[in-house]
Each structure stands twice: as C-alpha cells, then as structure tokens.
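These protein sequence lines are chains A, B and C, in that order.
Position one of the first sequence corresponds to residue 0 (numbering that gives the first Met the number 0), numbered consecutively onward.
Position one of the second sequence corresponds to residue 0 (numbering that gives the first Met the number 0), numbered consecutively onward.
Position one of the third sequence corresponds to residue 0 (numbering that gives the first Met the number 0), numbered consecutively onward.
Cβ coordinates follow ideal geometry from the N, Cα and C atoms, glycine included.
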Amino acid sequence: MIISDRKLKARRRKDNSVKGIILSFSSVGLLVFASILIYIFKTGGGLVGYDLLISDYQDFNTDVIVNEVSGDFTYSSTLDDDEYYSNKWDVVLTDTKDREGKDIVVISYIGENSPLRDVSDLNSIVDSGFVRVNIPINSSVDSIILDDYDFIAFSKFGAETMVDIMNMGTSIDSMTLVKEGGGIRGSLITTLYLIGLTLVIAVPIGVFSAIYINEYARKNKLTKYMKTMIDMLTGVPSIIFGLMGAAIFIPFVNGTIGTSGGSIISGALTMAVILLPVIIKSTEEALKVIPFDIRTASLSLGANQTQTTFKVILPSAIPGIMTGILLGIGRIIGESAALIYAIGASIKDKVILKERSTTLAVHIWTAMSGDRPNFELASAISIIILGAVIILNIIAKILVKRVSKVSY
Amino acid sequence: MKKIFILIFTLLLVTTLAACTGNKDDMINVYTRDTSSGTRAKFMSYVGFDAAKSDDSVLVDGFNTAGNDEIINAVTRDRFAIGYISMSTLSEEFKALDFEGVEATEENVLNGSYAMSRNFNYMLRDSYDFDNNGIVTGDEETIQLISEAWVAYIQTKTGKVTISGANGIVDITTGKTWNDILDNYPVCSLDNSNITIKFGGSDSVEQIARALSTDFSAKCGNFIPDHNHTGSSNAYKGLNGENSDPTDNLFIHIGFASREFNSGEVGNITGIMARDAIVVVVHKDNNLTSLTAAQIKAIYEGSITKWSDLD
Amino acid sequence: MAMISKYVTKESIRRKNLQDKIVKNIFFSSTILSASFIILIVIFILVKGIAPFVSSKYISNVNLFDFLTGIKWLDGATGISTDYGVGFLIINTIIVVLISLLISIPVSILTGLFIAKIAPKRVREIFRTVVELLASIPSIIYGVFGLGVIAPVIMNIAEVLGFQSSGGLSLITTSIVLGMMTIPTITVISENSIRSVDKILEEGSLALGASPTQTQLKVLIPAAKSGIFAGIILGIGRALGEATAVSMVSGNRFSGLVFNPFDTTSTLTSRMLLGIKETTGIDYDIRFSVGLVLMLVIILANIILKVIMKKVGNLDDN
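The following block contains the structure:
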C-alpha cells in the first residue's frame with residue numbers, strides 16, 4: 000500500500016501534536032518538583048542557618064537593671080526608617096521581626112558612654128549584689144520600667160514610642176531582654192534520637208526475620224502466611240500506624256517504664272513497625288543474590304549454620320541491608336501523621352526519651368497550625384528535611400550500584 | 000481522542016455542579032469556639048443566645064468549630080469568615096468589630112462601656128500528692144511551692160507588667176515588685192531546671208500564660224513550662240476534677256478560665272488574674288464596622304446568612 | 000583440611016548444634032513477631048473502634064447507624080456528644096480522591112510512556128531521578144507547598160470566577176495536592192509496565208505502517224493495561240490514607256457533602272487529625288472508629304478495583 004505524500008504529512012503533523020501533548024503532560028512532574036524546590040528555598044532560605052539549628056524554641060528572658068541614670072547624648076550617623084535614637088540613653092531601638100514573624104524591637108546600637116553599658120542581671124543575686132552583664136547587640140527588648148513604674152515602655156508600642164517613653168524617665172529599674180527562640184534544636188535532637196532508637200529495634204528484628212525466611216524456613220504454608228502478613232504492612236497508611244502506636248505502645252510503655260502519655264520511646268516502637276517491611280525486603284533481596292553454593296561450601300568446611308550466617312552470608316548482605324536502613328531513615332525523617340498520634344506534638348528544648356517532643360516534620364505541622372502559619376520556618380525545616388532525604392537516596396543508589404557490580 | 004473528550008466532559012460536569020450548588024461570594028462563614036470554651040459561654044450570653052452555650056444543634060448549618068488561634072487564622076485568610084476571640088489576641092492582620100457601637104479598647108473595658116468583658120481567672124491544684132503515698136515531698140513539694148510563688152508573682156507589679164505586655168488588662172499601679180517579696184519564696188533561689196510546671200485551661204489566656212511562664216521561669220529557678228490549653232472547662236477538670244490524675248492527658252498544675260468558675264468547680268486557691276473582653280472579628284477587607292447583639296445572634300443562629308443582608 | 004581436624008570433636012559438634020538451635024529460635028521468634036504486627040493492628044483498632052458504640056464506660060454510646068450515615072460531626076459538650084457522623088466524610092473522601100485521579104492518571108501514564116519509549120537516554124535518566132525524588136518528598140512538605148502556593152492561586156481563580164472560597168482551602172486544592180503526591184507512584188509502575196510489553200507487539204505495529212506515536216497510544220498502553228491499573232490501585236490506596244497534607248489544605252469542614260470545588264471539605268484522615276492535641280474520652284476514642292472506617296474503605300476499594308481489573312482483563316482476552 001502506498002501512502003500519498005499529503006497523507007503522510009498530515010499524519011506527521013498529527014503525530015507531532017500528539018507528541019507535544021505527551022511531552023507537556025510529562026513535564027508536569029518536572030514542573031511540580033521545580034516549583035516545590037523554588038518555593039521552599041525562596042520562603043525559608045533566609046532562615047536556614049547555624050543559629051536556627053542550635054537555638055532554643057522558647058524565648059529566654061533576662062531582667063536587667065541599669066546602674067546609671069540617663070544623660071544627654073548625640074548621635075552622629077543617619078538613621079534608617081525603622082531606627083529611633085534616644086538622646087537620653089544613647090541607644091538606637093529598631094523595629095524588626097523575629098523568627099516566627101512577630102514584630103519585636105531590638106537594641107541595635109549602644110553608645111560608648113551610654114548608661115546601658117553598665118547593667119546587672121536582676122535574677123542573679125549573689126552576696127555582693129547583682130551580677131554585671133553586657134547587653135549583646137541586637138538584643139530584643141520586651142519592656143522597660145522607668146522611675147519606679149512611673150513610665151513603662153512595651154515593645155508592642157513600637158520602637159518610636161518606646162524611645163519617647165524612655166526619654167521621659169531618668170532611671171531604668173528593670174528592662175526585660177528576650178533571647179528570641181524559635182530555634183529547632185530540640186526537634187533536631189528528637190529526630191536523631193528517634194532514628195537511633197528505631198533502628199536499634201527495627202534492624203535486628205527485621206534482619207533476623209529476613210534471614211529466617213530466606214535461610215531457615217521450609218517452603219510450607221506457615222512461611223507463606225508469615226510472608227503475606229509482613230507484606231500487608233506495606234499497604235497500611237501512616238495514620239493507622241499512629242493509631243496503633245497510641246493504642247498499643249503508649250499504654251505498653253506507660254505500664255512498663257512508667258511514662259505518662261506519649262514519649263519518644265513509644266514513637267520509636269511505632270516507627271520500628273513501619274520500617275520492618277522495608278528492612279526485611281532489602282535484606283531478603285540482598286540474601287537472594289548470594290549464590291546457594293557459598294552456603295554449602297561453608298557448611299562442608301565444618302561451620303554450623305550460625306557461623307555460616309553470621310560470618311559468611313551477613314557480611315555480603317550488608318550493602319543491601321544498609322540500603323534498607325537508609326530508606327528507613329528517610330522515612331523516619333519525613334513521617335508526620337503517625338508520630339502526631341504516637342508521640343504527641345509538644346515542642347521541647349530539653350529532650351527526654353521518656354517524654355513527648357516533636358521531630359522536625361511534626362514541628363512543621365505545629366508551626367503551620369495556630370494563629371499565624373509560619374511559612375518561613377516550615378520552609379526552612381523543609382529544606383533541611385529534603386536535603387537529608389535526597390542525600391540518603393543518593394547514598395542508597397550508590398550502594399545499589401556497587402552491590403550490582405560485585406560478581407560471584 | 001476519546002480520552003480528551005472524557006476529560007472535557009468531566010470538567011464541564013464539575014463546573015456545572017459547582018455553579019448549581021456553589022456559594023456565590025456572599026455567604027457568611029461562621030466560626031465558633033467549641034462547647035468547653037469559657038469564651039463561648041460568655042459570648043453566647045452577651046448576644047442573648049443562651050441556648051447555644053453548650054449545644055451545637057441550635058447553630059446555623061455549616062458552622063466551624065475552632066480554637067482562639069484558628070479563628071484568628073480563619074479571619075486572616077478568609078474574606079467571608081466571622082468569629083469571636085479574646086481581646087488580648089487582637090492584631091492588625093484582621094479587623095475587630097465594634098459591639099453595639101462601642102469600640103473594643105482597654106479604656107472602654109475599664110469604664111464599662113464595652114459590654115462583652117470578662118475576667119481571666121486562675122486556679123491551683125488542691126492536692127500535690129501525685130504518687131498517692133499520703134505525703135507531699137521532693138518534686139511534689141517543689142511544684143506546690145513554685146505554684147504558690149507564681150500566684151504571688153502575678154499580683155506583683157513585675158508580674159502585672161508582664162500581663163499588660165501580653166495585652167491583659169490589669170492595674171499596674173498597685174502592689175510590690177517581685178524583688179520586694181522574693182525572699183518569702185526560697186524555692187525560687189533553687190535550681191528548678193528539672194521541674195516541669197504544666198499550665199492549661201482556657202486557650203484565650205494562652206498568650207498571657209506563656210508570657211508569664213517565660214518571665215517567671217527566669218525568676219524562679221528556670222523551671223520548664225509546659226502549656227496545653229484546651230478550653231476553660233478543662234481547667235478545673237485537670238486540676239481537681241475528673242482529669243486530675245497525673246497519668247491523664249489533661250493533667251495540669253495551674254489552670255485558667257476565661258469565665259467564672261461555676262459552683263461545681265471548687266478549688267482552694269483561685270482568683271482573678273486580669274480582665275479581658277470578647278471581640279467579634281472579621282477579615283481586614285470586610286466593610287462592616289459594628290454589629291449589635293441581635294445581629295450577631297441572627298448570624299449564629301442562621302436567620303442572617305449573607306453578608307449583603309447586613310448592609 | 001587441617002582446619003577441620005583441629006575443630007571437629009564430639010564436644011564442639013554438640014556445642015555448634017546447640018548454638019544453631021538457639022539462634023534459629025531467635026530468628027524464628029523475630030519472624031513471628033514481625034508477622035504478628037498486622038494482626039495486632041487489626042485487633043486493637045477493631046476493639047478500640049467498636050468501643051464507642053457498645054462500651055459502657057461512656058456516659059452515652061454512639062449509635063452505629065447514625066455514625067455511618069451521619070452528615071455532620073458535632074462535638075457537643077466535650078466527651079458527651081453523640082452526634083458523630085462519618086457518612087459525609089466517606090463520600091467527601093471518595094470525591095476528593097476521584098478528582099485527584101483525574102489529574103494524576105493522565106499525567107502519570109503519559110509520563111511513564113515518555114520515560115519508557117520517547118525520551119533520549121540522558122533525558123530519561125533525569126526524568127526517572129525526578130520522579131524518584133518526588134516519591135520520597137514527605138507529605139508534610141506537599142502540605143506546606145499546597146498551603147503556600149496552590150491555595151492562594153485557587154483563591155484568586157475563585158474570585159475571578161465569582162465563587163466564594165475560604166482563602167483557597169478547598170476541595171480542588173486538596174485534589175491537586177493529592178494528585179501531585181500520587182503521580183510518582185503511578186508513573187513508576189506505568190513506566191515499568193510499558194517497558195515490559197513484548198517487543199513483538201511494538202515491532203508488529205510499526206511493521207504494519209503505524210507511526211511510533213500511534214503504536215504507543217493504541218498498542219503499548221492498552222497492552223500494559225493491567226500493570227498500569229495495578230499502579231492506579233496503589234495510588235488510590237496512598238491517596239485514601241494521606242493525612243497530613245490533606246488536613247492542611249482541606250479546610251476541615253464539619254458537615255455536608257461537598258461537590259463545589261471551591262468549598263472547604265474534609266476527609267476521614269483529616270478528621271482524625273483535627274483537634275488531636277486537645278481530646279480526651281469519647282472524642283479521642285471515636286477517632287479509632289474513624290480509622291476503622293478508613294481501613295474498611297481502603298480494603299473495599301482494593302477489592303472492587305481488583306474485580307474490575309479482572310473483568311476488563313477477561314473482556315480483552317476474548
């Protein structure tokens with residue numbers, strides 16, 4: 000059959016337009032990925048930094064008393080729009096925002112001769128009186144009490160009004176400085192604790208189960224049922240695992256260790272169950288690749304099955320097991336729904352295994368509920384989580400490539 | 000080709016369904032506190048809708064239940080939302096409506112012209128014997144002493160400045176400073192950094208409670224504050240009522256209510272911490288400036304359902 | 000051989016056998032433990048989920064029929080309400096998931112086709128990596144993205160069209176987010192299925208004069224049908240069970256069936272997460288009942304879809 004030129008051209012045009020549609024649909028995935036990355040970097044990029052990782056979540060207040068009275072000063076540089084100078088105290092107060100987007104006032108400049116260079120901590124009483132301290136630059140100030148409560152300046156009034164009120168008084172009886180919190184150190188530590196504890200529980204159980212199924216078990220119905228039971232775990236949604244954790248593990252841990260309510264321990268037990276299928280599957284895959292003859296050879300040399308397993312088989316399976324572990328870690332870092340139920344959602348600075356705390360993902364969830372969804376913090380933590388997950392995936396892929404290169 | 004047709008057809012179907020059943024932009028999106036909220040109880044009595052104090056079934060269809068913070072969230076983003084919150088949590092990101100023509104300000108609360116005012120009350124536990132061994136020692140005693148010191152603290156000028164800074168209404172001019180009475184509370188000179196004090200109850204009070212606990216923690220051995228605010232009704236329950244056992248989720252040491260404690264909620268140590276008011280709030284772009292009690296009741300019971308009915 | 004003579008004695012053989020027995024038992028117990036979790040989950044959720052309907056420890060029990068068919072969820076006085084209903088949640092969940100499939104199925108199948116057959120090698124690797132990375136993005140990040148980017152866009156669209164929306168939190172936003180999340184799942188499986196279609200079919204079609212595109216659309220995809228369908232079933236399972244992202248963008252509606260894409264909605268999973276920090280008593284336990292309903296819905300969906308898959312498969316073979 001000969002097709003005319005015209006028909007061919009028409010068909011090619013139709014083909015190309017269809018190809019165009021396929022191409023555009025396919026790029027949706029790429030578009031989504033790029034948009035997510037762009038959004039979280041644009042929104043949270045500014046917040047990510049060493050101090051975000053290290054700081055407390057709680058604000059920390061210090062009350063200081065200024066030991067000298069006000070004077071008269073002048074300021075030589077120019078002031079920006081948000082900056083206001085007090086000529087009685089030789090300081091500049093600035094309107095700015097904290098990590099959670101709330102408006103705060105900071106002391107951005109303290110003059111050489113300013114009375115605020117000589118302050119003492121009101122909450123630190125030693126024999127010789129109050130301990131002298133230095134006000135760090137850019138400290139956030141919450142309230143200033145002057146002249147025995149005659150004048151009180153609150154940060155909610157804004158820097159300009161605060162300076163006006165400050166100028167009315169001659170002595171500062173008490174000034175509340177705030178070391179702004181909003182840091183994620185607690186959640187970071189909680190995530191690391193959770194990973195460690197979960198792996199300690201899940202890896203032995205998972206690896207041992209995989210070894211049993213692959214090396215020891217006979218191919219009977221019992222084995223088949225057990226394999227199906229384990230496989231069914233993969234289809235369960237995370238929130239159901241959360242319910243399980245709340246229903247089984249929280250009371251269990253309460254009863255045995257004496258905690259009250261959720262804890263990192265109950266969370267680890269829950270995550271261990273979620274990870275079991277992952278670890279079992281990777282271990283099984285790794286074991287299957289090892290040729291059968293190696294086992295026979297080892298046994299014929301006089302080793303018992305235990306020695307064969309631990310000294311011959313397991314070492315070869317380690318890359319595969321590691322892959323499972325890496326995927327599992329990624330899962331733990333990203334998990335939210337299950338942990339909200341199995342641990343709880345209370346952001347802590349001091350992380351105790353027996354108590355509730357939030358992981359990074361749950362911290363995001365907490366930051367986004369409440370009166371002001373904190374997109375900046377959520378995006379910043381997302382950058383950290385995504386970075387970790389991507390790195391783990393890359394390492395796992397490299398491991399898989401190395402394993403497949405090994406030939407027996 | 001067939002697939003494309005199916006796709007287009009479905010889209011048309013969806014759009015038609017939306018058009019038929021959908022809200023044209025006018026319906027009032029009603030938010031309320033849940034039935035354990037002291038704010039709700041007071042609010043409903045002020046607008047003359049007593050039946051709705053603890054009963055959801057008399058409210059308009061399609062209402063939403065939310066806490067103080069979530070109502071703020073809603074009116075900030077949703078142009079059609081209306082809700083009521085504590086005056087201490089007002090901010091510029093949304094709009095506060097006048098009540099019966101009176102603006103919601105601290106002065107108007109103090110001079111009595113703004114009608115929807117109320118007290119923030121606190122209560123302590125009666126029993127600190129957490130392990131039920133008959134005596135209060137060690138950490139139990141420390142928690143009791145810190146709680147009692149806290150009560151003294153909120154009555155000092157220092158404490159009241161903190162309350163005022165967090166938008167609670169108090170009279171700062173009376174009382175001693177914390178440093179004046181510090182010596183009466185030796186527990187605050189100890190290192191309490193392994194003690195957790197649990198605060199709970201009304202979430203209208205949460206902002207003030209958190210400011211107080213941050214400030215007082217630095218003054219009293221750096222104890223760890225733990226806040227779980229779930230509603231005024233849960234204050235008494237978590238202190239001396241059905242949820243007061245240490246293993247209970249709602250167990251607390253210091254509780255707050257945004258209403259008066261009723262006759263069934265008895266505690267040895269209780270009192271008024273600050274004054275506050277309830278404010279009706281809407282989105283910044285909403286044209287309204289004031290509502291009467293009758294109008295508010297009509298909105299919440301469903302006899303007024305559209306914003307255009309209020310002009 | 001010297002190794003054997005040094006170690007093989009009666010004593011050592013017995014020791015080794017004992018060691019084997021102990022270790023084997025440890026391994027066996029681990030397996031039994033692993034296998035028993037699914038049973039434990041079912042039992043505990045069943046028990047806790049049924050309690051609000053039958054147990055006497057509550058002031059009043061919830062009526063099962065009202066629960067299953069109810070179109071609103073009223074909390075009442077905390078812990079005492081009996082006006083819990085999941086009927087509307089079930090239907091809203093199904094609607095949300097179906098609409099999300101409208102987005103993810105075409106995109107996934109075509110992307111799978113593209114990766115399997117059309118893309119040059121370099122591009123293929125890039126796309127595959129992107130899809131894998133999309134699959135490993137935690138759901139909470141999709142939630143943040145949905146709230147920060149998609150919700151405002153939907154809010155603007157709604158305004159332009161003259162519809163009311165609650166700041167962009169809506170049915171359509173939820174479906175878009177769910178669609179984005181299920182694309183990787185269905186794409187990977189579709190790609191595999193298309194790639195593993197017998198070459199003979201492809202070559203035969205080309206030999207008969209069909210263009211590559213015609214071949215792909217009319218021969219390959221239908222041939223890979225059962226694999227693609229299995230991928231869709233997996234995607235549906237994931238979408239039904241997704242909790243965090245949905246709770247952030249759905250608006251958490253308390254009553255009513257939602258068909259308008261710009262109205263707020265809620266699903267079984269979002270209902271389970273709502274107010275989780277503040278609950279006690281029956282309000283906490285009823286979430287297990289919702290979880291039970293969720294699992295039943297997922298199982299039912301799987302069964303129905305598998306039956307459909309078989310029927311369609313049989314029709315074809317004729």
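Interface flag, C:Gly-166 vs chain B, CB-CB below 8 Å
In the third sequence, counting from the first residue as 1, residue 166 of chain C sits at position 167. With a threshold of 8 Å between beta carbons, C:Gly-166 makes contact with chain B.
Measure the CB-CB distance between A:Leu-193 and A:Ile-324 and report whether it falls below 8 Å.
Counting from 1 along the first sequence, the entry for residue 193 of chain A is found at position 194. Counting from 1 along the first sequence, the entry for residue 324 of chain A is found at position 325. Their beta carbons are not under 8 Å apart, which means A:Leu-193 does not touch A:Ile-324 by this criterion.
Span separating the alpha-carbon of A:Ser-173 from that of A:Leu-352:
Looking up residue 173 of chain A in the first sequence gives position 174. Looking up residue 352 of chain A in the first sequence gives position 353. Approximately 38 Å between the Cα atoms of the pair.
Quick one: residues in its chain with C-beta nearer than 6 Å to the C-beta of B:Phe-250, no 5 flanking neighbours on either side, listed in chain order?
Locating residue 250 of chain B in the second sequence gives position 251, counting from the first residue. Excluding positions up to five away in sequence, the list reads Gly-237.
Collapsed DSSP secondary structure at C:Leu-112 in the structure displayed:
Looking up residue 112 of chain C in the third sequence gives position 113. C:Leu-112 falls in the helix class under three-state DSSP.
Can you name the residues that DSSP bridges to B:Asn-286?
Your numbering for residue 286 of chain B matches position 287 in the second sequence. None; B:Asn-286 has no bridge partner.
Span of the beta strand (DSSP E) holding B:Lys-197?
In the second sequence, counting from the first residue as 1, residue 197 of chain B sits at position 198. Residues 195–200.
Quickly, what does DSSP pair B:Tyr-121 with across the bridge? List them, please.
Here residue 121 of chain B refers to the residue found at position 122 when the second sequence is read from its first residue. According to DSSP, B:Tyr-121 bridges with B:Phe-255, B:Gly-270.
Give every residue of the same chain whose Cβ lies closer than 6 Å to the Cβ of B:Met-86, excluding the five residues on either side of it in the sequence, and list them in chain order.
Residue mapping note: residue 86 of chain B aligns to position 87 of the second sequence, counting from 1. Only residues of its own chain outside the window of five on either side were considered, and among them Ala-103, Asp-275, Ala-276, Val-278 have a CB closer than 6 Å to the CB of B:Met-86, listed in chain order.
Straight-line gap, A:Asn-112 to A:Ala-158 (C-alpha atoms, nearest Å):
Along the first sequence, read from residue 1 onward, the residue named residue 112 of chain A stands at position 113. Along the first sequence, read from residue 1 onward, the residue named residue 158 of chain A stands at position 159. If I take the Cα positions, the gap works out to 21 Å.
Checking contacts by CB at 8 Å: is B:Asp-128 closer than that to chain C?
Position 129 of the second sequence, counted from the start, is the residue given in the question as residue 128 of chain B. No, because no Cβ of chain C sits closer than 8 Å to the Cβ of B:Asp-128.
Please state if the CB of B:Asn-191 and the CB of B:Phe-215 are separated by a distance shorter than 8 Å.
Your numbering for residue 215 of chain B matches position 216 in the second sequence. Your numbering for residue 191 of chain B matches position 192 in the second sequence. Against a cut-off of 8 Å, the Cβ pair of B:Asn-191 and B:Phe-215 comes out as no contact.
Is the shortest distance between the beta-carbon of A:Ile-263 and the beta-carbons of chain C less than 8 Å?
By 1-based counting over the first sequence, the position of residue 263 of chain A is 264. Not an interface residue.
Could you name each continuous beta strand (DSSP E) segment of 3 residues or more that falls completely within the stretch 132–212 of chain A, going from the start of the chain to the end?
138–145, 150–153, 171–178
Can you look up A:Asp-120 in the DSSP assignment and give me helix, strand or coil?
Residue 120 of chain A sits at position 121 when you count from the first residue of the first sequence. DSSP places A:Asp-120 in strand when its eight states are reduced to three.
Chain A within 8 Å of B:Asn-22, Cβ atoms only:
The residue given as residue 22 of chain B occupies position 23 in the second sequence. Any reading at B:Asn-22 must be qualified, since the residue scores a pLDDT of 49, below 50, and its modelled position is unreliable; the value itself is stated next. Output row for B:Asn-22: interface = no.
My guess is that B:Thr-246 and A:Ser-259 are in contact by the Cβ rule of under 8 Å, so how many angstroms apart are they, rounded?
Along the second sequence, read from residue 1 onward, the residue named residue 246 of chain B stands at position 247. Along the first sequence, read from residue 1 onward, the residue named residue 259 of chain A stands at position 260. Rounded, the Cβ-Cβ distance is 5 Å, consistent with contact.
Reference B:Ile-253; option with closest CA among B:Tyr-121, B:Gly-240, B:Ser-36
Within the second sequence, the letter at position 254 stands for residue 253 of chain B. Taking only the C-alpha atoms, the option nearest B:Ile-253 is B:Tyr-121.
Is the beta carbon of A:Ile-263 less than 8 Å from the beta carbon of A:Ala-336?
Along the first sequence, one-based indexing puts residue 263 of chain A at 264. Along the first sequence, one-based indexing puts residue 336 of chain A at 337. Contact check for A:Ile-263 against A:Ala-336 fails: the beta carbons are separated by 8 Å or more.
What's the gap between the Cα of C:Thr-77 and the Cα of B:Ile-145?
For the purposes of this step, residue 77 of chain C is taken as the residue at position 78 of the third sequence. For the purposes of this step, residue 145 of chain B is taken as the residue at position 146 of the second sequence. A caution first: C:Thr-77 carries a pLDDT of 47, below 50, which makes its placement in the model too unreliable to give a value.
Since C:Ser-254 and C:Phe-66 should fall inside the 8 Å C-beta cutoff, what is the C-beta to C-beta distance between them, to a whole number of angstroms?
Here residue 254 of chain C corresponds to residue number 255 of the third sequence, with the count starting at 1. Here residue 66 of chain C corresponds to residue number 67 of the third sequence, with the count starting at 1. So it is not a contact: roughly 14 Å between Cβ atoms.
When DSSP labels each residue in this structure, what does B:Asp-77 get in the three-state scheme?
In the second sequence, the residue the question calls residue 77 of chain B occupies position 78. Correct three-state label for B:Asp-77: coil.
Less than 8 Å between C-beta atoms, sequence neighbours within five positions excluded: which residues of the same chain meet that for A:Lys-96?
Position 97 of the first sequence holds residue 96 of chain A. The answer, listed in chain order, is Asp-102, Ile-103.
Can you tell which of A:Gly-319, A:Ile-382, A:Val-27, A:Ile-247 has its C-alpha closest to the C-alpha of C:Val-130?
Position 131 of the third sequence, counting from 1, holds the residue named residue 130 of chain C. Of the listed residues, the one whose Cα sits closest to C:Val-130 is A:Val-27.
Coil, strand or helix - B:Pro-224 by DSSP:
For the purposes of this step, residue 224 of chain B is taken as the residue at position 225 of the second sequence. Correct three-state label for B:Pro-224: strand.
Give the single residue among A:Met-367, A:Ser-85, A:Ala-377 whose Cα lies nearest to the Cα of A:Met-161.
On the first sequence, residue 161 of chain A is found 162 positions in, with the first residue counted as 1. The shortest Cα separation from A:Met-161 among A:Met-367, A:Ser-85, A:Ala-377 belongs to A:Ser-85.
According to DSSP, is A:Asp-62 helix, strand or coil?
Taking the first residue of the first sequence as 1, we reach residue 62 of chain A at position 63. Strand at A:Asp-62.
Let's see if you can read the secondary structure: which residues bound the beta strand (DSSP E) around C:Thr-128?
Stepping through the third sequence from its first residue, residue 128 of chain C is reached at position 129. Run containing C:Thr-128: none in the beta strand (DSSP E); it sits in the alpha helix (DSSP H), 120–135.
Can you list, in chain order, the residues of its chain whose CB lies under 6 Å from that of B:Ser-232, leaving out five sequence neighbours each side?
Here residue 232 of chain B is taken as the residue at index 233 of the second sequence, counted from 1. Result list for B:Ser-232: Ser-35, in chain order.
Taking B:Asn-28 as the query, report the chain C residues whose CB atoms sit under 9 Å from its CB, ordered along the chain.
For the purposes of this step, residue 28 of chain B is taken as residue 29 along the second sequence, with counting starting at 1. Against chain C, a Cβ distance below 9 Å from B:Asn-28 picks out Gln-163, Ser-165, Thr-263.
On the criterion of 16 or more Cβ atoms from any shown chain inside 10 Å, does C:Asp-282 qualify as buried, or is it exposed?
Stepping through the third sequence from its first residue, residue 282 of chain C is reached at position 283. Result: buried.
May I ask which residues mark the beginning and end of the alpha helix (DSSP H) holding B:Ile-168?
Residue 168 of chain B sits at position 169 when you count from the first residue of the second sequence. No alpha helix (DSSP H) holds B:Ile-168; DSSP gives it neither H nor E.
Every unbroken alpha helix (DSSP H) inside the stretch 192–257 of chain C [4 residues or more]
198–206, 211–214, 224–240, 243–248
Three-state secondary structure (DSSP) of A:Ala-316
For the purposes of this step, residue 316 of chain A is identified with residue 317 of the first sequence, where counting begins at 1. A:Ala-316 falls in the helix class under three-state DSSP.
Given this structure, state the Cα-to-Cα distance separating A:Gly-43 from A:Asp-58, to the nearest angstrom.
As a working note, residue 43 of chain A is residue 44 in the first sequence. As a working note, residue 58 of chain A is residue 59 in the first sequence. Going by the C-alpha atoms only, they are around 21 Å apart.
Could you check if A:Pro-236 is buried or exposed, using at least 16 other CB atoms within 10 Å of its CB as the buried criterion?
Counted from its first residue, the first sequence places residue 236 of chain A at position 237. With 16 or more Cβ atoms within 10 Å of its Cβ, A:Pro-236 is classed as buried.
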